[in-house]
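The numbering of the sequence shown is full-length UniProt numbering, which starts it at 1 and goes up by one. Virtual Cβ for every residue (Gly too), placed ideally from N, Cα, C.
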Amino acid sequence: MLITDDFLPVPVPESLSATYLVPVAGLPPVSPKTAVRGLAGRLADPVYGLATQMLDSPLMSVDTRSIDEFPQLPPDLLTAFGATEAQLSRLAAASHLVVVQAEYRPGWPPAHEWAARAVAAAVAESVGGDVVDVFGLQFLDPATALKSLPDAQGRIRLVDWVLVPYSSDTEGLWFTTKGLRRFGLLELQTQGVPDHLTRAWGAVLTGAARRLLRDWTDGLAGEEVPAFVQLPVLATVTGHDIAVAYGNPEQHGATAPVLLRLELDPATDPDADSFLSLRPPPGHPGPDGRYFAAACATLFSGIEPDVRYARSGDAMSRAVATARAGLDDIRARFLADGLPPEAQLVVKYGLPGDDGPEYVWAGVSSWDAPERIVGASASDANTDPSVRIGSPVVVAVTEVVDWAVLDGTGVIEGGWTQAVLDAGERPHPTH
1 MLITDDFLPV PVPESLSATY LVPVAGLPPV SPKTAVRGLA GRLADPVYGL ATQMLDSPLM
61 SVDTRSIDEF PQLPPDLLTA FGATEAQLSR LAAASHLVVV QAEYRPGWPP AHEWAARAVA
121 AAVAESVGGD VVDVFGLQFL DPATALKSLP DAQGRIRLVD WVLVPYSSDT EGLWFTTKGL
181 RRFGLLELQT QGVPDHLTRA WGAVLTGAAR RLLRDWTDGL AGEEVPAFVQ LPVLATVTGH
241 DIAVAYGNPE QHGATAPVLL RLELDPATDP DADSFLSLRP PPGHPGPDGR YFAAACATLF
301 SGIEPDVRYA RSGDAMSRAV ATARAGLDDI RARFLADGLP PEAQLVVKYG LPGDDGPEYV
361 WAGVSSWDAP ERIVGASASD ANTDPSVRIG SPVVVAVTEV VDWAVLDGTG VIEGGWTQAV
421 LDAGERPHPT H
C-alpha cells in the first residue's frame, strides 16, 4: 500500500453487524417472514429483496427472547436521543424483545443495516410497537424506520443514519458523529467550535460525513475487502454535500468548497472509540474556531454583507419594512425553540460608515431582552475592524434591517433585503 502525505490510511474491519430490537407484550402474532411480506410493494425492490434474502440466509437471525435476558436499556440515554414518554412506557410494559441481527462485509450497499432495519420495522408494524436501533440508542416508529430506507435509486438521507451530538468544554463545543461505524468508517470529531455555531457546524459535519463516506465506500468497491482505505488528508466539503446529506440535492447552492484537514486520533483506552478529527488546513493562522466560523460563512451562502442602503419607497425599503414587521414573531419562535431542526437564526444590522451604513449579518445566540440581541458576527466588516467572523456582537433591535433562518441548504425563511440584492436591484445611497 502506498502511503503518502496526501492520504491517511484508515483500517477496515473484517465484518459489520447491525442489531435492532422490537419490544413486545407477549409473543408476536406473526412470523418475521409474514411480517416482511406485508411490506411488498411498499419498499423499494433493492431493500425488499435484501430483507427477504437475508432472512433466508445465515447472515441474519431473528429471535424472540424474554426481556429479562437483556441488560436494561438506559432510559436517560434513550431520552437524550429523542425517546418519548409513550415509547418508554411501552418498553417498560414489554415482556419480550424480538432481536434482529445481521452481518455483512464492509462496502456498499450496507446490506446488514438496510435488511435488519426493514425486518425490525415490519415486525414492529405487525405488533403496533416500536423499533430500537441499538447502535444509535434511538427509538424509531415503524413509519420513520421504513422512510429512512433507500428509494428505488438506492438513495438515503444520511441524517437518518448518522447523529451529530455535541457537548461543551473549556475550548468551546466538541462535536462527534454517531453512525459512521455502521458503515465501517471511524466516527468524526471536531473540537473548539464556537458556541454560536451549534446548528451550523452540525450541518457542516454531516456534509463532511457524506463526502468521506463516499470516499470510503469507493475504496471498498473491489471484490476483495482491503485492510486499509486511503482517505484524503485534505477533505473538501461543499453546500452540495450538506444538501445531499439532508435529502435536498435540488436545493444546494453553488458554494465554494471548504477544506478540512483529517487527522487520525487513536484511542488510548482499548474500550474507547478512535476518531477522525477535522481541523483547519495547514498554515491557517489563529484559533481553530475562527476558521470554523469562516467555513460556515462560506457554506451558508446568501448572507453577504453590503454597504448599500435604501431610499424611501424603493424595493429595499419595502424589504426592510417586511423584515421588521416579523421581528416579534421570529423572536418568540427563537425563544420557544420553534425553528426547524438544525436551523440557525441570523440578523442583518447597520454599522455606521463614512459613505453610509455597512450592513452585516450576525448569528443569534440569545435574545432575552426584546431590545437587544447577543450573537456572533457572520462576516468581516469593512468599516469596523473589531467586527470579524466569529467575534461577539451586541445588536440593538432598532438597527436590524433583516433576518433569515438558515439550514444546510441556505436561506429557508426571511432574507428579504438579500432577495432584492440578488434580483439585481441596487438602490443608490443617499447622503
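Asked, Found
"What's the C-alpha gap between Val12 and Ala227?", "5 Å"
"Assuming Phe7 is part of the beta strand (DSSP E), what are its boundary residues?", "7-11"
"For Gly313, which residues of its own chain have a beta-carbon under 6 Å away from its beta-carbon, when the five flanking residues on both sides are left out?", "With a pLDDT of 46 at Gly313, under the threshold of 50, the predicted position of this residue should be treated as unreliable, though the coordinate-derived value follows. So the list is empty, once near-sequence residues are dropped."
"Run through the DSSP bridge pairs and tell me what His96 is partnered with.", "Val24, Ser66"
"Can you tell me the Cβ-Cβ gap for Ala362 and Ala343, rounded? I've got them flagged as a contact below 8 Å.", "Not a contact, Cβ separation roughly 16 Å."
"Which residues share a DSSP beta bridge with Arg372?", "Ala396"
"Would Val400 pass as a contact of Arg324 if the rule is Cβ separation under 8 Å?", "yes"
"How long is the line joining the alpha carbons of Gly192 and Thr170, rounded to whole angstroms?", "8 Å"
"Going by DSSP in three states, Trp403 sits in which element: helix, strand or coil?", "strand"
"Starting from Val347 and walking both ways along the beta strand (DSSP E), at which residues does that stretch end?", "344-351"
"Please go through the same chain and pick out, in chain order, the residues whose beta-carbon is closer than 6 Å to the beta-carbon of Leu77, but skip the five residues on each side of it.", "Leu137"
"Label Gly390 either buried or exposed according to how many other C-beta atoms from any shown protein chain fall within 10 Å of its C-beta, with 16 as the threshold for buried.", "buried"
"Using the Cβ count rule (16 or more neighbours within 10 Å means buried), how would you classify Arg214?", "exposed"
"Would you kindly report the start and end of the unbroken alpha helix (DSSP H) that includes Trp216?", "198-218"
"Thr198 and Val258: beta carbons closer than 8 Å?", "no"
"Taking its Cβ as the centre, do 16 or more other Cβ atoms sit within 10 Å of Leu27, making it buried, or is it exposed?", "exposed"
"Suppose contacts are defined by Cβ-Cβ distances below 8 Å. Is His112 in contact with Glu125 by that definition?", "no"
"Could you pull out every unbroken beta strand (DSSP E) segment of at least 3 residues lying fully inside the segment 68-149, listed in chain order?", "96-104, 131-133, 138-140"
"I'd like the span of the beta strand (DSSP E) that includes Phe300, first residue to last.", "Here Phe300 belongs to no beta strand (DSSP E), and DSSP marks it neither H nor E."
"Counting C-beta neighbours from all protein chains within 10 Å, is the total for Thr34 16 or more, i.e. buried, or is it exposed?", "exposed"
"Within the chosen definition, does the segment 41-53 reach the segment 114-131 through at least 3 CB pairs nearer than 8 Å?", "yes"
"Do the CB positions of Leu406 and Phe300 come within less than 8 Å of each other?", "yes"
"Where does Ala86 land, buried or exposed, given buried means 16+ other C-beta within 10 angstroms?", "exposed"
"Where does Pro46 sit, in a helix, a strand or coil, going by DSSP?", "helix"
"Under the three-state reduction of DSSP, which class applies to Arg37: helix, strand or coil?", "helix"
"Cutting at 7 Å between CB atoms, please list the residues of its own chain near Gly129, excluding the five before and the five after it.", "Val22, Pro23, Val24, Arg90"
"If you reduce the DSSP assignment to three classes, tell me which class Arg426 lands in.", "Note that Arg426 has pLDDT 39, beneath the 50 cutoff, so the model's placement of it is unreliable and the number below is only indicative. Reduced to three states, the DSSP call for Arg426 is coil."
"From Pro266 to Ala18, what does the alpha carbon distance come to, in whole angstroms?", "23 Å"
"What residue does the beta strand (DSSP E) around Gly239 start on, and which one ends it?", "Where Gly239 is concerned, there is no enclosing beta strand (DSSP E), although the alpha helix (DSSP H) it sits in stretches over 239-245."
"Val393: buried (16+ other C-beta within 10 angstroms of its C-beta) or exposed?", "buried"
"Going by alpha carbons, who is nearest to His96 out of Asp141, Ser66, Ala203?", "Ser66"
"What does Arg181 pair with, by DSSP beta-bridge criteria?", "Arg181 is not bridged to any residue."
"Using the Cβ count rule (16 or more neighbours within 10 Å means buried), how would you classify Gly107?", "buried"
"For Ala295, collect the residues of the same chain with a Cβ closer than 7 Å to its Cβ; drop the 5 residues on either side in sequence, then sort them by chain order.", "Val204, Val258"
"Which same chain residues end up closer than 6 Å to residue 484 when comparing Cβ atoms and leaving out the 5 residues on each side of it in sequence?", "Because the chain here runs from 1 to 431, residue 484 falls outside it and cannot be looked at."
"What are the boundary residues of the beta strand (DSSP E) that includes Asp169?", "166-169"
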